[in-house]
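So the structure is just underneath, and the comments pick up after that.
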Amino acid sequence: MPKLKCTVQTCAHNSQMLCALDAITVGGESAKDARETCCDSFQQRREGSMSNVNQSASDRSEIDCKACECKYNDQCKCEAGAISVEGSTAKQAEGTECATFECGCHS
Ligand code: SF4
Ligand code: SF4
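For the sequence shown, the numbering used here begins at 206 and goes up steadily by one.
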């Protein structure tokens with residue numbers, strides 16, 4: 206289970222730069238670049254809602270990843286030791302990305 210850090214504080218699941226979900230889905234089936242990936246589990250934090258201070262977030266999550274061009278992707282599981290999800294101003298999943306994505310393709 207990779208370590209997961211996330212800078213997307215506009216996401217309802219974010220708790221002090223960690224993700225409160227035990228499992229997330231990363232999208233980007235044909236991604237050749239980090240910008241083409243996204244965290245499909247993103248959920249916009251509602252305007253005015255309190256930050257999830259009481260939410261206990263572990264620093265690891267199961268990652269189901271559709272970005273099969275990534276060199277860390279092994280049959281939709283992420284085999285990187287640690288990943289970083291970014292997109293500090295994201296309003297929707299498309300505004301996020303897995304910054305650890307590295308293309309394993311040579312074409
Ligand atoms: S954007 Fe994804 S990784 Fe980040 S807190 Fe939200 S669900 Fe978790
Ligand atoms: S590092 Fe690669 S395999 Fe792991 S979540 Fe990011 S894009 Fe998917």
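Built from N, CA and C at the ideal position, the CB exists for glycine as well.
Measuring CB to CB, does residue i end up less than 8 angstroms from residue j?
| i | j | result |
| --- | --- | --- |
| A295 | A272 | no |
| T301 | A285 | no |
| A228 | S266 | yes |
| C224 | C211 | yes |
| Q214 | S293 | yes |
| D245 | A287 | no |
Nearest by alpha-carbon distance to residue i: which of the options is it?
| i | options | result |
| --- | --- | --- |
| A217 | C303, E267, S289, S261 | S261 |
| K282 | T242, C211, V213, V231 | V231 |
| C310 | S289, C275, C244, A298 | C275 |
| P207 | Q221, Q248, L226, D264 | D264 |
| Q248 | C270, G233, C308, S220 | S220 |
| C308 | L209, M222, G233 | G233 |
For residue i, which of helix, strand or coil comes out of DSSP?
| i | result |
| --- | --- |
| R265 | strand |
| E241 | helix |
| G300 | helix |
| K271 | coil |
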